[in-house]
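Numbering (my numbering), first residue to last: 775 to 1160.
All C-beta atoms in this analysis are idealised placements derived from N, C-alpha and C, irrespective of residue type, glycine included.
Remember, it's a predicted structure, so these values are computed and weren't measured experimentally.
Please read the structure below before turning to the comments.
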């Protein structure tokens, strides 16, 4: 008899974090403090479970009860395409309650469950296009912390450290509000110049800009990046304006990459390609609603001979990169001189994306997505279940 989904649960638990977000949502180092995390668990009648860490705000009890459980309970968990489509169609009229991120978390849990049942890592279920991938170091945003990322010289010094650790590519996130004086094209150019001078010509460099520059500001910054031989230029403007990105891409030689945050899953990304708004496509499991639509995006880009880079880190995005070779890097971060990214948090036994001395990440051999959860710790520190 075919196993069906029996339980869908979210457990909120306490753990320790060493980063915090500012008033504009940008992450920075912080003293160790207690935070709440959440885990979504989807269990079938054979006892197999798929698990993924989620953001509690995106899977509140009413979202589970109104949308997720009615779509999943009693269904074959291996029929991911059908279940994803069922949930995606429930978004019409959901008024933001069922976000793409929520949809993505559910999809990730179903993929993890499939891997657990079959005893295979998800990257192999997706096709096993490669066994390892180089990572690029993705920095935190600029700040005003002494010895942090407060000046162009700070970014340059940190870039040298990252190269010494093995990274062969680095992406900068420069200064953004609420930092005083941000955004600043001149300061961005100064930081990008300092980093290029520090690491030399053989390290690939990218910039993720401020999101809300004007066309003329974005063009000025993009032309400076061309002169510095940066590999790509990311999100300098509001991404809802596809025509602005087509205008920018037409005038620059440096590849323009996107979209990152634009709503619309793989459909929006198709519009970016056909509009000529990007030279490299962007996708990610939490950007487009899970692995299922992200794979569609990867193949869409491939059909147009475009690279498709995956936005963000974590086991889902790492597994996704095992489905293709038309993305060059895994995004590892966010990194900062005052933050040890490799420190294992209490709710894990190990991290999923360890790099070697050449800056390469090997795909995990563990079944499912590959997260090495400390389930005893999570159970002991659970404060709410829904």
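- DSSP, reduced to helix, strand and coil, places residue 983 outside both helices and strands of the structure shown, so it counts as coil.
- Residue 943 sits in a strand when the DSSP states are folded into three classes.
- Residues of the same chain with a CB within less than 6 Å of the CB of residue 1093, apart from the 5 flanking positions on each side, are 896, 897, 1143 in chain order.
- Taking the Cβ atoms as the reference, residue 879 lies roughly 6 Å from residue 826, within the contact range of under 8 Å.
- Distance from the CA of residue 1066 to the CA of residue 1059, rounded to the nearest whole angstrom, comes to 8 Å.
- Straight-line spacing of the CA atoms in residue 1134 and residue 1117 works out to 18 Å.
- The Cβ-Cβ distance between residue 809 and residue 822 does not fall below 8 Å.
- With fewer than three CB-CB distances shorter than 8 Å, the region 1082-1096 does not count as touching the region 917-936.
- Between the beta-carbon of residue 1136 and that of residue 942 there is about 16 Å, and that puts the pair past the 8 Å contact cut.
- Residue pairing by DSSP leaves residue 876 without any beta bridge partner.
- Runs of the beta strand (DSSP E) lying entirely within the region 1072-1116 and spanning at least 3 residues, in chain order: 1082-1084, 1104-1109.
- Close CB contacts of residue 971 within its chain, under the 8 Å cut and outside five residues either way in sequence, are with 930 (chain order).
- Rounded to whole angstroms, residue 1132 and residue 976 show a C-alpha spacing of 14 Å.
- Residue 944 and residue 979 do touch by the CB rule: their CB atoms are close to 6 Å apart, below 8 Å.
- A distance below 7 Å between beta-carbons, with the five flanking residues on each side excluded, links residue 873 to the following residues of its chain, in chain order: 832.
- Counting C-beta pairs with one atom in each stretch, the region 987-1003 and the region 1049-1057 have fewer than three that are closer than 8 Å, which means they do not touch.
- With 16 or more neighbouring CB atoms inside 10 Å of its own CB, residue 890 falls in the buried class.
- When DSSP states are grouped into helix, strand and coil, residue 996 belongs to the helix group.
- Within the same chain, 916, 917, 918 come within 7 Å of residue 953 by CB-CB distance, once the 5 residues on both sides are set aside.
- DSSP links residue 1006 through a beta bridge to 980.
- If you look at residue 1055, you'll find it in the beta strand (DSSP E) that goes 1054-1057.
- Two segments are said to touch when three or more pairs of C-beta atoms, one from each, lie closer than 8 Å; by this definition the region 861-870 does not touch the region 796-805.
- Secondary structure remark: continuous alpha helix (DSSP H) runs of at least 4 residues inside the region 899-950, in chain order: 926-939.
- Where residue 1051 is concerned, there is no enclosing beta strand (DSSP E), because DSSP gives it neither an H nor an E.
- Shown here, residue 786 sits in a strand according to DSSP, grouped into three states.
- Note that the region 1070-1077 touches the region 1038-1045; at least 3 beta-carbon pairs, one per stretch, sit closer than 8 Å.
- Scanning its chain for C-beta atoms nearer than 6 Å, with the 5 sequence neighbours on each side dropped, one finds around residue 797 the residues 952, in chain order.
- Within the DSSP secondary-structure output, residue 1134 pairs in a beta bridge with 908.
- Counting of Cβ neighbours within 10 angstroms places residue 1079 among the exposed residues, the total staying below 16.
- Here residue 946 is not near residue 1002, since their CB atoms are 8 Å or more apart.
- In this structure, the straight-line span from the alpha carbon of residue 1054 to that of residue 1081 is close to 5 Å.
- As DSSP reads the structure, residue 817 sits in a beta bridge with 781, 823.
- Within the same chain, Cβ atoms closer than 7 Å to the Cβ of residue 778 are found at 818, 819, 848, 849, 850, the five residues on either side in sequence being excluded.
- If you look at residue 967, you'll find it in the alpha helix (DSSP H) that goes 959-973.
- The three-state reading of DSSP puts residue 954 in coil, since its state is none of H, G, I, E or B.
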